[in-house]
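Counting from 21, one number per residue, gives the positions in the sequence shown under the working numbering.
In this text, a Cβ means the ideal position worked out from N, Cα and C, and glycines have one as well.
Structure record follows, encoded as structure tokens.
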Amino acid sequence: MKIEIAKNNEEIQEIVKIHIDAFPNFFLTSLGSDLLFELYRSFIETKNSGIYIAKIDCKVVGFIAFTEKSTPIYYNILKKHFFSFSLKLFKKFLKNPFSFFKLLYKLKKKLSLKKEEKSILLKKIRIESIAVEPNYFNKNVGKELIDFLKKNIDFQKFDLIELETDAKNNVKTNYFYQKNKFVKVKEIIVDENRAMNIYHYYGGKR
Numbered sequence: 021m022k023i024e025i026a027k028n029n030e031e032i033q034e035i036v037k038i039h040i041d042a043f044p045n046f047f048l049t050s051l052g053s054d055l056l057f058e059l060y061r062s063f064i065e066t067k068n069s070g071i072y073i074a075k076i077d078c079k080v081v082g083f084i085a086f087t088e089k090s091t092p093i094y095y096n097i098l099k100k101h102f103f104s105f106s107l108k109l110f111k112k113f114l115k116n117p118f119s120f121f122k123l124l125y126k127l128k129k130k131l132s133l134k135k136e137e138k139s140i141l142l143k144k145i146r147i148e149s150i151a152v153e154p155n156y157f158n159k160n161v162g163k164e165l166i167d168f169l170k171k172n173i174d175f176q177k178f179d180l181i182e183l184e185t186d187a188k189n190n191v192k193t194n195y196f197y198q199k200n201k202f203v204k205v206k207e208i209i210v211d212e213n214r215a216m217n218i219y220h221y222y223g224g225k226r
């Protein structure tokens, strides 16, 4: 297995395919491959953000997307790819108006986090997405991706790695993070009364 930073559009397309296969019933997946491509491409274009990909026999089989702050990811889409993003949004509106307005709501919410992010004292890297192609679930791909991220974070600069995952009907995933030394710090309720667990990894500081 080889792990490296994603660098080009071809690799982003592979990441999108894995996302769709790994998260079939999630909202982001319902947006379709075009909008997912815009999102993941922005990770490799934004400072203090990126995507590590795992390859087996030159095939991308998993990825982990991370960022210091999520707001710049969305500003980058609007700044660098406004017209292509707008066209894809319009197509989404024609196909599924409900998903279109839900996306606008979530996008507005993400962009409004800028002031909140500035007020946070702890410097952290957030894992925004991690997924493995279903055929490779038992190959330790997820663990290798997380370990690679841990090794490449400067814990003199950043205080912790943060992630969130569903609190209910999600036993295996929660156990996976706990087994990889992430500590549950709280549970929050987000849109549509969805309970989410927040996990931190402190890089040996605690």
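| said: Taking the alpha carbon of Val152 as the reference point, which residue from Phe63, Val80 and Asn29 has its own alpha carbon closest? | reply: Val80
| query | Can you round the beta-carbon distance between Phe196 and Tyr219 to whole angstroms, since I take them to be within the 8 Å contact cut? | reply | Contact flag wrong, Cβ pair sits at about 10 Å.
| said: Residues in the same chain with beta-carbon distance under 7 Å from His101, minus the five sequence neighbours each way, listed in chain order, please. | reply: Glu58
| field | Integer Cβ distance of Tyr72 from Ile32, believed to fall under 8 Å | value | Not quite, the Cβ-Cβ distance comes to about 13 Å (not below 8 Å), so this is no contact.
| query | Do you know offhand how far Phe83's Cα is from Ile147's? | reply | 11 Å
| Runs of alpha helix (DSSP H) wholly within the segment 134-203 (minimum 4 residues, chain order) | 134-139, 161-172 and 191-199
| query | Using the rule of at least 16 other Cβ atoms within 10 Å of the residue's Cβ for burial, across every protein chain shown, is Glu207 buried or exposed? | reply | exposed
| Would Lys143 pass as a contact of Asp179 if the rule is Cβ separation under 7 Å? | Taking 7 Å as the Cβ cut-off, Lys143 and Asp179 qualify as a contacting pair.
| DSSP-derived helix/strand/coil call for Ala42 | helix
| task | Using three-state DSSP, classify Tyr72 as helix, strand or coil. | result | strand
| request: Please state whether DSSP places Tyr222 in a helix, a strand or coil. | output: coil
| field | Same chain, Cβ closer than 6 Å to Phe47, neighbours up to 5 away in sequence not counted | value | none
| query | Whose C-alpha, out of Lys171, Lys159 and Asn217, is nearest the C-alpha of Ala187? | reply | Asn217
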